[in-house]
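Worksheet: the structure to be examined is printed underneath.
There are 2 protein chains.
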Amino acid sequence: MKKKPTKERIIDTALLLFEEYGFHAVTVDRIVKESGTSKGGFYHNFKSKDELLYTVHDSFITYILDKAEDAYNRYDTPAERLYETVKSFVMMFELYRPHVTVFYQESLYLSKEYFDNIKRKRNRYKQMMFRLVEEGIACGEFRKEIPVQITSMAIFGMTNWTYKWYKETGEYSIKEIANIYTDIVMNAVLTKEASMKTEYVRFFLSSNQDSIV
Amino acid sequence: MKKKPTKERIIDTALLLFEEYGFHAVTVDRIVKESGTSKGGFYHNFKSKDELLYTVHDSFITYILDKAEDAYNRYDTPAERLYETVKSFVMMFELYRPHVTVFYQESLYLSKEYFDNIKRKRNRYKQMMFRLVEEGIACGEFRKEIPVQITSMAIFGMTNWTYKWYKETGEYSIKEIANIYTDIVMNAVLTKEASMKTEYVRFFLSSNQDSIV
DNA sequence: ATTTTAACAGACTGACCAGTCGGTTAAAGA
DNA sequence: TCTTTAACCGACTGGTCAGTCTGTTAAAAT
Numbered sequence: 231m232k233k234k235p236t237k238e239r240i241i242d243t244a245l246l247l248f249e250e251y252g253f254h255a256v257t258v259d260r261i262v263k264e265s266g267t268s269k270g271g272f273y274h275n276f277k278s279k280d281e282l283l284y285t286v287h288d289s290f291i292t293y294i295l296d297k298a299e300d301a302y303n304r305y306d307t308p309a310e311r312l313y314e315t316v317k318s319f320v321m322m323f324e325l326y327r328p329h330v331t332v333f334y335q336e337s338l339y340l341s342k343e344y345f346d347n348i349k350r351k352r353n354r355y356k357q358m359m360f361r362l363v364e365e366g367i368a369c370g371e372f373r374k375e376i377p378v379q380i381t382s383m384a385i386f387g388m389t390n391w392t393y394k395w396y397k398e399t400g401e402y403s404i405k406e407i408a409n410i411y412t413d414i415v416m417n418a419v420l421t422k423e424a425s426m427k428t429e430y431v432r433f434f435l436s437s438n439q440d441s442i443v
Numbered sequence: 231m232k233k234k235p236t237k238e239r240i241i242d243t244a245l246l247l248f249e250e251y252g253f254h255a256v257t258v259d260r261i262v263k264e265s266g267t268s269k270g271g272f273y274h275n276f277k278s279k280d281e282l283l284y285t286v287h288d289s290f291i292t293y294i295l296d297k298a299e300d301a302y303n304r305y306d307t308p309a310e311r312l313y314e315t316v317k318s319f320v321m322m323f324e325l326y327r328p329h330v331t332v333f334y335q336e337s338l339y340l341s342k343e344y345f346d347n348i349k350r351k352r353n354r355y356k357q358m359m360f361r362l363v364e365e366g367i368a369c370g371e372f373r374k375e376i377p378v379q380i381t382s383m384a385i386f387g388m389t390n391w392t393y394k395w396y397k398e399t400g401e402y403s404i405k406e407i408a409n410i411y412t413d414i415v416m417n418a419v420l421t422k423e424a425s426m427k428t429e430y431v432r433f434f435l436s437s438n439q440d441s442i443v
């Protein structure tokens, strides 16, 4: 049982504290106390409290951006790509729920340079979704009544909001929630024709995982 | 052009400041300066900075709870009620966007008693949505594959998230966004049969408002 | 007209907290 | 072995900020 490096311990502790109490309500003194280090240890590993916040942000956005790009490259129809993107996003909560909470609750408190850096990656993620929906509408798989941006933001909202209520101890597992969300999204965006055509595909994809119930 | 009462001026100013910079990054000194009053004026009208935050929270949740109850009472099928609830929620952004932002970003910083009070009303709103979806499934209008709670939270997520991106100066008006969101929600939850049956109803409801495009 | 009280004004204070700085320890290089 | 440097320690500081307190003004009450 090797002891984790100080930097990791600080990040792990801070994550949980930020999630529960918010960035401003957590003092550096408390972080160092609960992670078993000291002011010296903290400022040796981080330039500032800000930099710690940035580290948390960056590790999350980098991970999820990678997942989205992966989903895009692994499949070749908009329906499959959307399905996989939504699914992988929700599945991510299992590991990254505290990151997501901090990401969406505390990004306001990043200093300018850090914020801009995060914003760039966040925009890339957004653009990927826009393109995905756009291509879906263009090829006739997605309904053209629903505009690209609004639909994308609706999907983001639905999935992101999970951080506000998901508990590991809850009635539904992450996998189940992911399945329900993909179901809702696909029903909302697919045309009737595409819906019937891809019915079997979605069944195939789902059957690789545990089924709902 | 009568001057607004001090209390109102403080609330209006604080709302915009909290929205832009977050509760902790806004000092009481700044609020009193920008609202043209003084420390004395502030603490005459509010017991604490906390109480001001509570006031903002309460005015919003009271308003939206009222709207939801109204939507429930004015209509008598789950489909119509859901349609109206989603619509009225999104429409509310026109007036209450800063309130919503503060409500969802800063509620963590409410002191316990205030928080519990808000939480009670928030739960009532949630329960209303649960009941609505439940009744929709029970009477066969809504698809039974999608569980009540998850579906409700998905709808909340979609609509609430609007505060993260909506700008008055944006491409789409609130009314248009509301129409698109109801479209997405209804497509996601209605059964094929209910969808065809209520098609004309939704058209009727929409035509009372400006149409999209 | 006089008293009372509500509605402010603004200087001041005490607590809190991010970041500093002069140390110490121990591992790695030479 | 001796030196260097990375990794830490924790007392201290300087600035910030919510809330207080001693007033002042003017409207309402009697």
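Residue numbers (our numbering), protein chains in the order written: chain A, 231 to 443; chain B, 231 to 443.
Positions of the beta carbon are idealized from the N, C-alpha and C atoms, including for glycine.
Chain-ordered chain B contacts of residue i [CB-CB under 9 Å]
i, result
"A:H254", "G252, F253, H254, A255 and Y339"
"A:Y326", "What A:Y326 touches in chain B: nothing, since even the nearest Cβ is about 17 Å away."
"A:Q357", "Going along chain B, no residue has its Cβ under 9 Å from A:Q357, so there is no contact; the nearest lies around 14 Å."
"A:Y402", "P377, Q379 and I380"
Chain B within 7 Å of residue i, Cβ atoms only
i, result
"A:S437", "At A:S437 the pLDDT is 44, less than 50, meaning the model places this residue with poor confidence and gives no usable figure here."
"A:F433", "For A:F433, the pLDDT reaches just 49, beneath the cut-off of 50, and the residue's location in the model is therefore unreliable, although a value from the coordinates is still provided. Not an interface residue."
"A:K427", "no"
Neighbouring residues, chain A, relative to residue i (Cβ below 9 Å)
i, result
"B:I410", "E375, I376, P377, I380, T381 and A384"
Nearest candidate by alpha-carbon position, reference residue i, set the options
i, options, result
"B:S289", "B:A418, B:F360, B:P328 and B:M416", "B:P328"
"B:L325", "B:Y293, B:G387 and B:F276", "B:Y293"
"A:R352", "B:A408, B:F372, B:K374 and B:K394", "B:K394"
"A:F323", "A:K374, A:E281, A:A368 and A:K397", "A:K397"
"B:P235", "B:G271, B:E371 and B:F248", "B:G271"
"A:I291", "A:A408, A:A384, A:I407 and A:R354", "A:R354"
"B:L247", "B:N390, B:V332, B:T392 and B:M426", "B:V332"
"B:A408", "B:A424, B:S425, B:M388 and B:K233", "B:M388"
"A:S278", "A:T412, A:D413 and A:K237", "A:K237"
"A:A384", "A:E281, A:T412, A:E371 and A:R260", "A:T412"
"B:S425", "B:Y305, B:N303, B:R373 and B:L282", "B:R373"
"A:T307", "A:E371, A:F386, A:Y273 and A:K349", "A:E371"
"B:Q335", "B:L283, B:A301, B:E375 and B:Y305", "B:L283"
"B:V330", "B:A368, B:N390, B:H274 and B:F386", "B:N390"
"B:I367", "B:M416, B:F386, B:E406 and B:K349", "B:M416"
"B:E281", "B:A301, B:F386 and B:V258", "B:V258"
Cutoff 7 Å: residue i Cβ touching any chain A Cβ
i, result
"B:I294", "no"
"B:S441", "Because B:S441 carries a pLDDT of 42, less than 50, the predicted location of this residue cannot be relied on, and the following value inherits that uncertainty. No, B:S441 lies away from the interface with chain A (no Cβ there is under 7 Å from its Cβ)."
"B:K407", "In the sequence on display, residue 407 of chain B carries Ile and not Lys. By this cut-off, B:I407 is an interface position."
Chain-ordered chain B contacts of residue i [CB-CB under 7 Å]
i, result
"A:A418", "I414, N417 and A418"
7 Å Cβ cut-off: residues of chain A touching residue i
i, result
"B:I240", "Correct list: empty, because the minimum Cβ distance to chain A is about 21 Å."
"B:T421", "Per Cβ cutoff of 7 Å: no residues; B:T421 is ~10 Å from chain A at best."
Amino acids of chain A, ordered along the chain, whose beta-carbon sits closer than 8 Å to that of residue i
i, result
"B:T392", "M383 and G387"
Evaluate contact between the region 362-382 of chain A and the region 393-407 of chain B, counting only Cβ atoms and requiring at least three cross-stretch pairs below 8 Å. yes
Could you tell me whether the region 290-298 of chain A touches the region 318-331 of chain A, where touching means 3 or more Cβ pairs closer than 8 Å? yes
Closer than 9 Å, Cβ to any Cβ of chain B: which residues of the region 361-387 of chain A, in chain order? Those residues of the region 361-387 of chain A placed with their C-beta closer than 9 Å to a C-beta in chain B are R373, E375, I376, P377, Q379, I380, T381, M383, A384, I385, F386 and G387, ordered along the chain.
Is the number of C-beta pairs between the region 334-352 of chain B and the region 238-255 of chain A that are closer than 8 Å three or more? yes
Does the count of Cβ pairs from the region 413-423 of chain A and the region 305-312 of chain A closer than 8 Å reach three? yes
Segment contact flag, the region 242-249 of chain B with the region 259-276 of chain B, C-beta cutoff 8 Å, min 3 pairs: yes
Assess, as a yes-or-no matter, whether the region 343-363 of chain A is touched by the region 269-289 of chain A under the definition of 3 or more beta carbon pairs within less than 8 Å. Contact holds: three or more Cβ-Cβ distances are below 8 Å.
Taking contact to mean 3 or more Cβ pairs, one atom from each stretch, closer than 8 Å, check whether the region 352-359 of chain B and the region 351-366 of chain A are in contact. no
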